[in-house]
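J.: Just passing along the structure, written as C-alpha cells.
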Amino acid sequence: MIEIGVLYLAELFVFIPLNLVVLAILMREKEFQNLIAYKIMTHMSICECVQLTGYLLGCIMSISQSTIHDYVGVIGGCMLNAGWIGIPLFTFLLNLNRLIVFSGIKLRVTVQNMLFNVLIVMAWIACGLVFGIHLIPEMSFKYVISANTYWYKDRDAAALASYGEYVVESGTVMVTFVVCLVTIMLIVLKRNLFSTEFKVKSGEIKLLIQSTIIFMYLSVNMCIWQFISPLLSGDVAFTILVMSTIAVDGINPILYITLNRSIRWHLMKMVGQKKTSVSSIVTDTQERSRTT
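Under my numbering, the first residue of the sequence shown is numbered 4, with each subsequent residue one higher.
This is the structure in C-alpha cells:
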C-alpha cells in the first residue's frame, strides 16, 4: 500500500537526518574520537544508517509500486538483517564498556583500546558475514509490495537462516542483560560500602542510562516480534509494530542529543544557535576534555 510506504518514509525522514547529524559530530569533533564509549556509539550509528537505508529502499519500492530490480530487494534485505546482528552486538559492547568503567578495572589505555578495537572489528565481520550469506540466491530476499516487507525467496533456507540469526541476536541480548545487571549491582554495592570514596561522574551515569535504555527498547522490540507478532491481525497493528521497529534506529540519536550536553552544544552550533560562552565536559575512564 502506498499510504503505508509514505508513513514509513515520513518516519525515516526524521531518523536518517538525526543519525547523520550525530554521526558527523562524533566523527568530526576531536573530543569524541579517542574515547571508547563514543567510538562504539559512532560504529553503532553507522550500523543504524545501513539498516535505515534498507528501510528506505523498501519505502521507495512501496511508493513506486515497483520492485525496480530484483537486486534492490536483495540488497535492502541484506542491509536489514546485517543491522539486526550489528545493533545488538554494539549495544553489548557499549554496556561492556560501562561495566569496566563502574567496576574499577584498571586496564592500560592501550590495552583497553586494543580490546575494544578488536571487538568492534569482530562485530563488523559478523555483519559482513550476514550480509554476504543473504546474497546467496537460496538465502536472498525479495520485496513484497502488497505486504510492504522483505521476504525470503526460499522458505526452507529462510527457516535455517532465521533460526541462526535468532540464536545470535537472542544470545547477545541475554549476555547484555547480565552485563547490565552486574553493572547496576556493582554501583549499588559500591555506593553502600564506599559511600565517601565512590564518586560517579554525571557523564558516566548518563552514558549508563543511555546504554540501558537502548538495550531495553531493543529487547522489548525483539520479544514482540518473536512472541506477539504471530498473534497480531490487521494492517494497523503490523504497521505500528514496523514503525516501532524502525524507531530502534532512531532512539539512539535522540538519546545522544537529550543526555549529552556536548553533543547538544555541537548540534546547536551546526544550526547556527551557538552561545557566546558554553562549556561542555566529555567523561570517560581514559580522558576528560573541556571545550568552550
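Just so it is clear, CB atoms sit at the ideal spot from N, CA and C, and this is done for glycine as well.
Smallest Cα separation from residue 137: which of 80, 169, 192?
T.: Reading the sequence shown from its first residue, position 134 is the one you call residue 137. Of the listed residues, the one whose Cα sits closest to residue 137 is 80.
J.: Considering only their Cβ atoms, is the gap separating residue 222 from residue 251 smaller than 8 Å?
T.: Along the sequence shown, one-based indexing puts residue 251 at 248. Along the sequence shown, one-based indexing puts residue 222 at 219. It is not a contact, given that the beta carbons lie outside the stated cut-off.
J.: Select from 102, 70, 179 the residue whose C-alpha is nearest the C-alpha of residue 189.
T.: As a first step, residue 189 must be located in the sequence shown, where it is residue number 186. It is 102.
J.: Just to check, is the beta-carbon of residue 22 closer than 7 Å to a non-hydrogen atom of the ligand ATP?
T.: Although the ligand ATP was asked about, the structure shown includes no ligands whatsoever.
J.: Apart from the five residues just before and just after residue 16, which ones in its own chain have a Cβ nearer than 8 Å to its Cβ?
T.: Numbered from 1 along the sequence shown, position 13 holds the residue referred to as residue 16. Nothing listed; no residue qualifies.
J.: According to DSSP, is residue 70 helix, strand or coil?
T.: If you number the sequence shown from 1, residue 70 lands on position 67. Correct three-state label for residue 70: coil.
J.: Do you know offhand how far residue 226's Cα is from residue 219's?
T.: Position 223 of the sequence shown, counted from the start, is the residue given in the question as residue 226. Position 216 of the sequence shown, counted from the start, is the residue given in the question as residue 219. Those two C-alpha atoms are separated by around 11 Å.
J.: Assess, as a yes-or-no matter, whether the stretch 115-126 is touched by the stretch 155-173 under the definition of 3 or more beta carbon pairs within less than 8 Å.
T.: These segments do not touch.
J.: Can you name, in chain order, every residue of its own chain whose Cβ lies under 7 Å from the Cβ of residue 84, other than the five neighbours on each side?
T.: Numbered from 1 along the sequence shown, position 81 holds the residue referred to as residue 84. Answer for residue 84: 133, 137, 168, listed in chain order.
J.: Can you tell me which of the three DSSP states residue 182 falls into?
T.: Numbered from 1 along the sequence shown, position 179 holds the residue referred to as residue 182. If DSSP states are grouped into helix, strand and coil, residue 182 belongs with the helices.
J.: Can you give the beta carbon distance from residue 95 to residue 46, rounded, assuming they're within the 8 Å contact cut?
T.: Here residue 95 is taken as the residue at index 92 of the sequence shown, counted from 1. Here residue 46 is taken as the residue at index 43 of the sequence shown, counted from 1. Between residue 46 and residue 95 the Cβ distance is about 12 Å, and since that is not below 8 Å, they are no contact.
J.: Would you mind giving the Cβ-Cβ distance between residue 173 and residue 98, rounded to the nearest angstrom? I have them listed as a contact below 8 Å.
T.: In the sequence shown, counting from the first residue as 1, residue 173 sits at position 170. In the sequence shown, counting from the first residue as 1, residue 98 sits at position 95. Contact doesn't hold; Cβ gap of about 16 Å is too wide.
J.: What do you get for residue 31, buried or exposed, if any count of 16 or more other CB atoms within 10 angstroms of its CB means buried?
T.: Residue 31 sits at position 28 when you count from the first residue of the sequence shown. Residue 31 should be labelled exposed.
J.: Which value, in whole angstroms, describes the spacing of the CA atoms of residue 43 and residue 29?
T.: What you label residue 43 is simply residue 40 of the sequence shown in a count that begins at 1. What you label residue 29 is simply residue 26 of the sequence shown in a count that begins at 1. Their Cα atoms are separated by approximately 10 Å.
J.: Rank 53, 59, 65, 89 by C-alpha distance to the C-alpha of residue 82 and give the top, closest one.
T.: Locating residue 82 in the sequence shown gives position 79, counting from the first residue. When only C-alpha atoms are compared, the closest one is 53.
J.: In the DSSP assignment, what are the bridge partners of residue 144?
T.: Here residue 144 refers to the residue found at position 141 when the sequence shown is read from its first residue. 155.
J.: Using 8 Å as the Cβ pair cut-off and three pairs as the minimum, do the stretch 202-210 and the stretch 227-243 touch?
T.: No, because fewer than three Cβ pairs between the stretch 202-210 and the stretch 227-243 fall closer than 8 Å, the two stretches do not touch.
J.: For the stretch 54-62 against the stretch 103-117, do three or more pairs of beta-carbon atoms, one drawn from each stretch, fall closer than 8 Å, so that the two count as touching?
T.: Cβ pair count under 8 Å is below three, so no.
J.: Residue 90 and residue 50 - do their beta-carbons sit closer together than 8 Å?
T.: For this step, residue 50 is matched to residue 47 along the sequence shown. For this step, residue 90 is matched to residue 87 along the sequence shown. In this structure, residue 90 lies closer than 8 Å to residue 50 by Cβ.
J.: Can you give me the Cβ contacts of residue 143 inside the same chain, cut-off strictly under 6 Å, excluding the 5 residues immediately before and after it?
T.: As a first step, residue 143 is located in the sequence shown; it is residue number 140 there, counting from the start. Excluding residues within five positions, the ones whose Cβ falls inside 6 Å are 77, 137, 156.
J.: Helix, strand or coil for residue 116? Go by DSSP, reduced to three states.
T.: By 1-based counting over the sequence shown, the position of residue 116 is 113. It is helical.
J.: What are the uninterrupted segments assigned as alpha helix (DSSP H) that are 4 or more residues long and contained completely in the stretch 76-137, given in chain order?
T.: 112-136, all fully within the stretch 76-137.
J.: Checking 8 Å against the spacing of the C-beta atoms, do residue 5 and residue 68 come in under that value?
T.: If you number the sequence shown from 1, residue 5 lands on position 2. If you number the sequence shown from 1, residue 68 lands on position 65. In contact: residue 5 and residue 68 (Cβ atoms closer than 8 Å).
J.: Taking buried to mean at least 16 other C-beta atoms within 10 Å of its own C-beta, is residue 64 buried or exposed?
T.: Position 61 of the sequence shown, counted from the first residue, corresponds to residue 64. With 16 or more other Cβ atoms within 10 Å, it is buried.
J.: Which same chain residues end up closer than 8 Å to residue 241 when comparing Cβ atoms and leaving out the 5 residues on each side of it in sequence?
T.: As a working note, residue 241 is residue 238 in the sequence shown. Closer than 8 Å at Cβ, skipping near neighbours: 232, 235.
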